[in-house]
Amino acid sequence: MKRLFSILAITGMMAFGTVNATTNASTNTATTTVATMTQDEAAAPAEELGFHQELKKRFIEGGPGFMGIVLLCLILGLAIAIERIIFLNLSTTNTKKLTQEVEDALASGGVAAAKEVCRNTKGPIASIYYQGLDRTDEGLDAVEKAVIAYGGVQMGQLEKNVSWISLFIALAPMLGFMGTVIGMIQAFDKIEAAGDMQPSLVAGGIKVALLTTVFGLVVAMILQVFYNYIIAKIDSIVNDMEDASITLMDLLIRNKK
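The numbers in the working numbering rise by one with no breaks, and the one at position 114 of the sequence shown is 114.
Given below as structure tokens:
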């Protein structure tokens, strides 16, 4: 009988222990699941950061000093680039149409009618035509000199402030590299002060250094695209001006005959 009670007691204890273990395991599993879900929910906002939020975060991490100067280079460079693009687009003229109108005006109403056509047309090519037509009484040599001189003036107007864009293109990565060098110096100062090489001591300084470099290079690349477009646009207008100058001389020679 005593043995039976002992067996029943041991069986009960084992069963109770199994239930407790199962309950604890279930509780631990639930706790782990909840903790995992909480971590996922906490990590979700970080993963859902948009491009602008991430850019703002990295900009703040880079420090206000050099990052602010690099941003200023971007703003000024873009302002000048946009102003030049608008000016160049307004300066673009349909050369073939203008030449045909000037030729028709010369044939029908003479130099005065041709000058009126140029006066009512915007752009450097129309201005060059007007200056050349205004010197027709002085001979073809005077017309050629006037066209060349005024063409140089118009080219200077087209290239106005473009050198500032190239300055910002060169300055932005230089500032980024300077921020990198200063960040590395600060990191090594921390190592020297601590007397030990610990990653946590230098990680912050190196991160700031690399961020300034990245932003400087990004600014330079953005401005370089606008700069190349502006230079290509200027070259196109200058080529049209040269062709128009030759065409004007031909028109005046034919008109004199």
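Don't be surprised by glycine CBs; every beta carbon is placed ideally from N, CA and C.
In this structure, does DSSP put D189 in helix, strand or coil? DSSP places D189 in helix when its eight states are reduced to three.
With three or more C-beta pairs closer than 8 Å as the rule, is the stretch 90 to 98 touching the stretch 118 to 128? Verdict: yes, contact present.
Suppose you measure from the CA of A113 to the CA of A105; what does that come to, to the nearest Å? Distance between the alpha carbons of A113 and A105 is about 5 Å.
Please say whether R84 and I230 have beta carbons closer to each other than 8 Å? Yes; because the gap between Cβ atoms is below 8 Å, this pair is in contact.
Can you say whether S127 is buried or exposed, counting buried as having 16 or more other CB atoms within 10 angstroms of its CB? Taking every protein chain shown into account, the CB of S127 has 16 or more other CB atoms within 10 angstroms, so this residue is buried.
Secondary structure of N94, DSSP reduced to three states: In the displayed model, N94 falls within coil according to three-state DSSP, outside both helix and strand.
Spatial neighbours of Y130 within its chain, please: C-beta separation below 8 Å, excluding the five flanking residues on both sides. Closer than 8 Å at the Cβ level, and outside the excluded window around Y130, lie K115, C118, R119.
Between which two residues does the alpha helix (DSSP H) carrying E144 extend? First-last of the alpha helix (DSSP H) with E144: 140 to 158.
Restricting to Cα atoms, I'd like to know which of N255, S245, D250 is closest to K145. Looking only at N255, S245, D250, the smallest Cα-Cα distance to K145 is reached by S245.
Which of the three DSSP states, helix, strand or coil, is assigned to R84? R84 carries a helical assignment under DSSP once its states are collapsed to helix, strand and coil.
Would you identify the three-state DSSP class for T247, choosing helix, strand or coil? For T247, the three-state secondary structure derived from DSSP is helix.
Can you tell me whether I169 is buried or exposed? The criterion is at least 16 other CB atoms within 10 Å of its CB, across all chains shown. Label assigned to I169: buried.
Reference D214; option with closest CA among Q53, G50, M67: Correcting the residue type first, residue 214 is Val in the shown sequence and not Asp. Between V214 and the set Q53, G50, M67, the nearest pair of CA atoms involves M67.
Local Cβ density within 10 Å of T36, reported as buried at 16 or more and exposed below that: With a pLDDT of only 40 at T36, under the threshold of 50, the placement of this residue in the model should not be trusted; the figure read from the coordinates follows. T36 comes out exposed.
Given P173, which residues of its chain have a CB within under 6 Å of its CB, disregarding the five upstream and five downstream residues? Counting only residues of its own chain and dropping the five nearest sequence neighbours on each side, P173 has a CB closer than 6 Å to the CB of G216, L217, A220.
The alpha helix (DSSP H) spanning G132 covers which residue range? It spans 124 to 133 - the alpha helix (DSSP H) in which G132 sits, taken as one unbroken run.
By a C-beta neighbour count over all protein chains shown, 10 Å radius and 16 as the cutoff for buried, is E101 buried or exposed? Counting other Cβ atoms within 10 Å of its Cβ, E101 reaches 16 or more and is therefore classed as buried.
Buried/exposed call for Q154, threshold 16 Cβ in 10 Å: With 16 or more Cβ atoms within 10 Å of its Cβ, Q154 is classed as buried.
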